[in-house]
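Residue numbers for the sequence shown follow my numbering, beginning at 396 and rising by one. We put the beta carbon where it would ideally sit given N, CA and C, even for glycine.
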Amino acid sequence: MTEQTGAHATTGTYLRIAAILVMITLIEVGVFYVPAFQSVLVPVLLVLSAVKFTLVVMFYMHLKFDNRFFAFLFGGPLLLGFAVVVSLLLIFYGAIRLRTGM
């Protein structure tokens, strides 16, 4: 058997993270139903979802406690994929604007 020497989160930490995730989810649901947020709904939900994603990856996937190399292996392609999606959205948005003359 191998002995694990890295520090890991306690049960209390996992429960606190779970409570934070529940609160963020409730905020997301609340934001969806408040008419004042309709103009900024998508950006707000994207930011809240990104925060939840980060918490899950860092704590429940144990990237916070693992070697930084593993975080790079996970985060590098994720950032590259995000950049590709944003680039494609901007390219197609520009093409649509050119086609419609706006």
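Which stretch, first to last residue, makes up the alpha helix (DSSP H) that contains residue i?
{"i": "Thr408", "result": "406-428"}
Between which residues of its own chain and residue i is the CB-CB distance below 6 angstroms, once the five residues before and five after are set aside?
{"i": "His457", "result": "none"}
By the three-class DSSP mapping on this structure, what secondary structure does residue i have?
{"i": "Met456", "result": "coil"}
{"i": "Ala445", "result": "helix"}
{"i": "Gly496", "result": "coil"}
{"i": "Ala402", "result": "coil"}
Cutting at 8 angstroms between CB atoms, please list the residues of its own chain near residue i, excluding the five before and the five after it.
{"i": "Phe454", "result": "Ala404, Thr408, Tyr409, Ile412"}
{"i": "Leu416", "result": "Lys447, Leu450, Val451"}
{"i": "Leu468", "result": "none"}
Output needed for residue i: all residues of its chain with C-beta closer than 7 angstroms, excluding positions within five of it in sequence on either side, in chain order.
{"i": "Phe391", "result": "Because the chain here runs from 396 to 497, residue 391 falls outside it and cannot be looked at."}
{"i": "Met396", "result": "Here the model assigns Met396 a pLDDT of 46, short of 50, so the residue's position is not dependable and the matter cannot be decided."}
Just tell me which of the options has its CA closest to the CA of residue i.
{"i": "Leu440", "options": "Gly476, Thr406, Glu423", "result": "Glu423"}
{"i": "Met338", "options": "Phe467, Gln433, Val437, Leu443", "result": "Coverage of the chain is limited to positions 396 through 497, which leaves residue 338 absent and any answer about it impossible."}
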